[in-house]
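Undergrad:
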Amino acid sequence: MLWSGCSLQPLQQQSIGGLGNFEYRESEPQAAGVVVGVPHAFNEPAALEYATAFSSSSGAGIVSAYGFGSKRVSVTQPLVRSIPVFSEAGNSQHRGSIYPEFKSLLQTVAKGHLRFYLGVQIAGDTAGLDRIEIATTGLNHEQLKALAESFTIIRNRAIRSTDAPVVDVALDPIDEITWRISGVRHHGVLMFAERGLNIRLPAILAADPIKRVYKEILSQWVSTSLDMIRNNPGRLPQTEISVLDFGKIETIPGKRDQGMVIGAPHGTFDAYTAGIVRTICSRTHLAGVIATGFTPTETEDGRRINVNRPSERHVAAGDREFESERARVTYERFRSAVLNAAQNKLDLYIDIHQNGGERIEVATVGVSKDEARMVKETFHALRDGALAGRPEIAPVDLAIEPLDELDVGAWATKTNGILTVARRSLHFELPANVLASARHRGLYTQVLAALIQKIARPQ
Numbered sequence: 011m012l013w014s015g016c017s018l019q020p021l022q023q024q025s026i027g028g029l030g031n032f033e034y035r036e037s038e039p040q041a042a043g044v045v046v047g048v049p050h051a052f053n054e055p056a057a058l059e060y061a062t063a064f065s066s067s068s069g070a071g072i073v074s075a076y077g078f079g080s081k082r083v084s085v086t087q088p089l090v091r092s093i094p095v096f097s098e099a100g101n102s103q104h105r106g107s108i109y110p111e112f113k114s115l116l117q118t119v120a121k122g123h124l125r126f127y128l129g130v131q132i133a134g135d136t137a138g139l140d141r142i143e144i145a146t147t148g149l150n151h152e153q154l155k156a157l158a159e160s161f162t163i164i165r166n167r168a169i170r171s172t173d174a175p176v177v178d179v180a181l182d183p184i185d186e187i188t189w190r191i192s193g194v195r196h197h198g199v200l201m202f203a204e205r206g207l208n209i210r211l212p213a214i215l216a217a218d219p220i221k222r223v224y225k226e227i228l229s230q231w232v233s234t235s236l237d238m239i240r241n242n243p244g245r246l247p248q249t250e251i252s253v254l255d256f257g258k259i260e261t262i263p264g265k266r267d268q269g270m271v272i273g274a275p276h277g278t279f280d281a282y283t284a285g286i287v288r289t290i291c292s293r294t295h296l297a298g299v300i301a302t303g304f305t306p307t308e309t310e311d312g313r314r315i316n317v318n319r320p321s322e323r324h325v326a327a328g329d330r331e332f333e334s335e336r337a338r339v340t341y342e343r344f345r346s347a348v349l350n351a352a353q354n355k356l357d358l359y360i361d362i363h364q365n366g367g368e369r370i371e372v373a374t375v376g377v378s379k380d381e382a383r384m385v386k387e388t389f390h391a392l393r394d395g396a397l398a399g400r401p402e403i404a405p406v407d408l409a410i411e412p413l414d415e416l417d418v419g420a421w422a423t424k425t426n427g428i429l430t431v432a433r434r435s436l437h438f439e440l441p442a443n444v445l446a447s448a449r450h451r452g453l454y455t456q457v458l459a460a461l462i463q464k465i466a467r468p469q
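Going by the numbering used here, the sequence shown opens with residue 11, and the numbers climb by one from there.
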């Protein structure tokens, strides 16, 4: 439902050391925590028009950035680092990112926690984009499917008596999108926000008369989406979100099989694992817990918080890990999320990771040789079936304890981490060179989902 409140507050301005400036307006009371962001307002005036319409129709706050893009200064994500971050004070003209200021301003505009971020950008003519692409955070597959259906209904009704073209919407991760938003998702605004939609519009929607039609369509859809997410009239399962100082933990509810949880504790550091777990949870209906952030970029001291155990380590130096207070706090939040997802009876826990090996390695706790053999044989059967007629995709082998010797045995997590909590635990290490290809990743995600289904419910 569109907001029909009083007139909006005037825009305020904030300059950042000669690099550029922000214009912003705080959220109205009925939209507290909701902010629309335009990272390239000067170069993409149509994006600003859409964002202004979204803010006017919903009461959301708005933050528009001017001038940073021409200096190649990032707005919506920090510089990704593996070494300590030193102060850039006094050297503002040579900064590569003003994300800290953007993040702080978002909190001001949201009047506290950023509960929902709505980013708006326009693709250039050379991108060849013919649909609306949206990167998402904090929303499960059921919610995204409902949002896609809602968009189709609103769009079809609006264009019925116009000459406007039918432009479809693609919502990641239920749809494959071409937009490379890894930094924004894993380290930037989509990791910082509880939930959000980062929208990239095709160039065809930047000019009238099509722009007028789709500005109305998208304004209605944004307001409907916010109502659907906040009030949940369809009683859809909702992801639980916990934003911490150095990252975010998401809990995807399961529909069945209480006591079984799939985890991605390194959803940023092991870049593809968060998406893999989301997809597996959707296909198996098992609960999932995903952690993003907690890397040297967020800690700013070159250390990664391990999340699935109460320790951290210096990534670049390869130091031995050590326990710390912030690591203990993070682990306890992750552990609590896993137990809550399992409804406090954790019979089976599956950890998903990636490394530089050539095969899938599965470290285990509480798994017999016969059970391990069943897992290995089932994987080979599922893999061979999926590879039939796909010669372009290489077969990947699987090694599992206690049958095989492993290079990565998850020893620290077995000693003092999440693998000790469940009656049975499996720690999957997936080869990163395979996951880097979308086709390979899609096929092996399908195989893993079927394998986990068999492990969870053996015949």
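A virtual CB, placed ideally from N, CA and C, is assigned to each residue, including glycine.
Could you tell me which uninterrupted beta strand (DSSP E) segments, each at least 3 residues in length, are contained entirely in the region 59-116, listed from first to last along the chain?
TA: As far as the region 59-116 is concerned, its whole beta strand (DSSP E) runs of at least 3 residues are 71-76.
Undergrad: How should Gly366 be labelled, buried or exposed, when 16 other C-beta atoms within 10 angstroms of its C-beta is the threshold for buried?
TA: By one-based count along the sequence shown, residue 366 stands at place 356. So Gly366 counts as exposed.
Undergrad: Are the CB atoms of Leu445 and Gln353 within a distance shorter than 8 Å?
TA: By one-based count along the sequence shown, residue 353 stands at place 343. By one-based count along the sequence shown, residue 445 stands at place 435. Their beta carbons are not under 8 Å apart, which means Gln353 does not touch Leu445 by this criterion.
Undergrad: When the Cα atoms are used, what is the spatial distance from Pro88 to Thr430?
TA: Here residue 88 is taken as the residue at index 78 of the sequence shown, counted from 1. Here residue 430 is taken as the residue at index 420 of the sequence shown, counted from 1. One C-alpha to the other measures close to 35 Å.
Undergrad: Consult DSSP for Glu54 and reduce its assignment to one of helix, strand or coil.
TA: In the sequence shown, the residue the question calls residue 54 occupies position 44. Reduced to three states, the DSSP call for Glu54 is coil.
Undergrad: May I ask which residues mark the beginning and end of the beta strand (DSSP E) holding Pro441?
TA: The sequence position of residue 441 within the sequence shown is 431, counting from 1. Element bounds for Pro441: Arg434 to Pro441.
Undergrad: Could you spell out where the beta strand (DSSP E) holding Lys258 opens and where it closes?
TA: Here the question's residue 258 lines up with position 248 in the sequence shown. Gly257 to Ile262 is the extent of the beta strand (DSSP E) around Lys258.
Undergrad: Here's the rule I'm using: 16 or more other beta-carbon atoms within 10 Å means buried, otherwise exposed. How should Asp182 be labelled?
TA: For the purposes of this step, residue 182 is taken as the residue at position 172 of the sequence shown. Asp182 should be labelled buried.
Undergrad: Helix, strand or coil: which one does DSSP assign to Glu387?
TA: In the sequence shown, residue 387 corresponds to position 377, counting from 1. Glu387 falls in the helix class under three-state DSSP.
Undergrad: Across which residues does DSSP place Ser25 in a beta bridge pair?
TA: In the sequence shown, residue 25 corresponds to position 15, counting from 1. Per DSSP, Asn31.
Undergrad: Spatial neighbours of Arg125 within its chain, please: C-beta separation below 6 Å, excluding the five flanking residues on both sides.
TA: As a working mapping, residue 125 is identified with position 115 in the sequence shown. Only Gly43 and Glu204 meet the Cβ criterion.
Undergrad: Which same chain residues end up closer than 8 Å to Val348 when comparing Cβ atoms and leaving out the 5 residues on each side of it in sequence?
TA: In the sequence shown, the residue the question calls residue 348 occupies position 338. Correct list, in chain order: Val271, Gly273, Val299, Leu356, Tyr359, Ile428 and Val431.
Undergrad: Would you mind reading off the limits of the beta strand (DSSP E) that contains Ile187?
TA: Indexing the sequence shown from 1 puts residue 187 at position 177. Neither: Ile187 is in no beta strand (DSSP E) and is coded neither H nor E.
Undergrad: So, Met238 versus Ser160, is the Cβ gap smaller than 8 Å?
TA: As a position in the sequence shown, residue 238 is number 228, starting the count at 1. As a position in the sequence shown, residue 160 is number 150, starting the count at 1. Yes.
Undergrad: CA-CA distance, Arg314 and Pro320?
TA: One-based indexing of the sequence shown puts residue 314 at position 304. One-based indexing of the sequence shown puts residue 320 at position 310. Answer to the nearest angstrom: the Cα atoms are 11 Å apart.
Undergrad: Grouping DSSP H, G and I as helix and E and B as strand, with all else coil, what is Ser292?
TA: Counted from its first residue, the sequence shown places residue 292 at position 282. The answer is helix: DSSP assigns Ser292 an H, G or I state.
Undergrad: For the pair the region 165-179 and the region 205-222, tell me if three or more CB-CB distances fall below 8 Å.
TA: Contact holds: three or more Cβ-Cβ distances are below 8 Å.
Undergrad: Are Gly129 and Val232 close, meaning C-beta to C-beta below 8 Å?
TA: Your numbering for residue 129 matches position 119 in the sequence shown. Your numbering for residue 232 matches position 222 in the sequence shown. Result no, Cβ atoms of Gly129 and Val232 do not sit closer than 8 Å.
Undergrad: To the nearest angstrom, report how far apart Leu154 and Ser65 are at their CA atoms.
TA: Locating residue 154 in the sequence shown gives position 144, where the first residue counts as 1. Locating residue 65 in the sequence shown gives position 55, where the first residue counts as 1. Going from the Cα of Leu154 to the Cα of Ser65 covers about 21 Å.
Undergrad: So, are the CB atoms of Leu254 and Arg343 less than 8 Å apart?
TA: Locating residue 254 in the sequence shown gives position 244, counting from the first residue. Locating residue 343 in the sequence shown gives position 333, counting from the first residue. It is a contact, given that the beta carbons lie within the stated cut-off.
Undergrad: Considering only C-alpha positions, which residue in the set Thr289, Tyr282, Thr261 and Ile164 is nearest to Gln230?
TA: Locating residue 230 in the sequence shown gives position 220, counting from the first residue. Out of Thr289, Tyr282, Thr261 and Ile164, Ile164 has the C-alpha closest to the C-alpha of Gln230.
Undergrad: Does DSSP put Thr374 in a helix, in a strand, or in coil?
TA: As a first step, residue 374 must be located in the sequence shown, where it is residue number 364. Note: Thr374 maps to strand in three-state DSSP.
Undergrad: Where does Asn166 land, buried or exposed, given buried means 16+ other C-beta within 10 angstroms?
TA: Translated into positions along the sequence shown, residue 166 becomes position 156. Exposed is the call here.
Undergrad: Sort His123, Ala70, Gly28 and Gln40 by Cα distance to Gly47 and report the nearest one.
TA: Working through the sequence shown from its first residue, we reach residue 47 at position 37. With distances taken between Cα atoms, Gly47 lies closest to Ala70.
Undergrad: For Ala398, which of helix, strand or coil comes out of DSSP?
TA: As a first step, residue 398 must be located in the sequence shown, where it is residue number 388. It is coil, neither helix nor strand.
Undergrad: Nearest to Leu471 by CA position, among Ile132, Leu149 and Glu36, is which residue?
TA: Here the chain covers residues 11 to 469 and nothing more, so residue 471 does not appear.
Undergrad: Give me the residue from Glu331, Val287, Arg433 and Thr423 with the minimum Cα distance to Leu440.
TA: In the sequence shown, the residue the question calls residue 440 occupies position 430. Taking only the C-alpha atoms, the option nearest Leu440 is Val287.
Undergrad: With distances taken from CA atoms, which of Ala41, Lys113 and Asn31 is nearest Phe52?
TA: By one-based count along the sequence shown, residue 52 stands at place 42. Phe52 has its Cα closest to that of Asn31, out of Ala41, Lys113 and Asn31.
Undergrad: What are the boundary residues of the alpha helix (DSSP H) that Glu335 is part of?
TA: The residue you call residue 335 lines up with position 325 of the sequence shown. Its alpha helix (DSSP H) spans residues Glu335 to Ala351.
Undergrad: What residue range does the alpha helix (DSSP H) around Tyr454 cover?
TA: Taking the sequence shown and counting its residues from 1, one reaches residue 454 at position 444. It spans Ala448 to Ala466 - the alpha helix (DSSP H) in which Tyr454 sits, taken as one unbroken run.
Undergrad: For Thr283 and Ile132, what's the separation of their Cα atoms in angstroms?
TA: For the purposes of this step, residue 283 is identified with residue 273 of the sequence shown, where counting begins at 1. For the purposes of this step, residue 132 is identified with residue 122 of the sequence shown, where counting begins at 1. Rounded to whole angstroms, Thr283 to Ile132 spans 29 Å at the Cα level.
Undergrad: Looking only at C-alpha atoms, which of His324, Arg240, Arg82 and Arg338 sits nearest to Val317?
TA: Here residue 317 is taken as the residue at index 307 of the sequence shown, counted from 1. Closest by alpha carbon: Arg338.
Undergrad: By the three-class DSSP mapping on this structure, what secondary structure does Tyr6 have?
TA: Because the chain here runs from 11 to 469, residue 6 falls outside it and cannot be looked at.
Undergrad: With a threshold of 16 other CB atoms inside 10 Å of the CB of Ala326, please say whether the residue is buried or exposed.
TA: As a position in the sequence shown, residue 326 is number 316, starting the count at 1. Classification for Ala326: exposed.
Undergrad: Taking 6 Å as the limit between beta carbons, can you name the residues of its chain near Thr57, skipping five residues before and five after?
TA: The residue given as residue 57 occupies position 47 in the sequence shown. Per the sequence shown, the amino acid found at residue 57 is Ala instead of Thr. Counting only Cβ-Cβ distances below 6 Å, and skipping sequence neighbours, we find Val48, Val130, Gln131 and Ile132.
Undergrad: Is it the case that the Cβ atoms of Glu143 and Trp189 are separated by a distance below 8 Å?
TA: For the purposes of this step, residue 143 is taken as residue 133 along the sequence shown, with counting starting at 1. For the purposes of this step, residue 189 is taken as residue 179 along the sequence shown, with counting starting at 1. Against a cut-off of 8 Å, the Cβ pair of Trp189 and Glu143 comes out as a contact.
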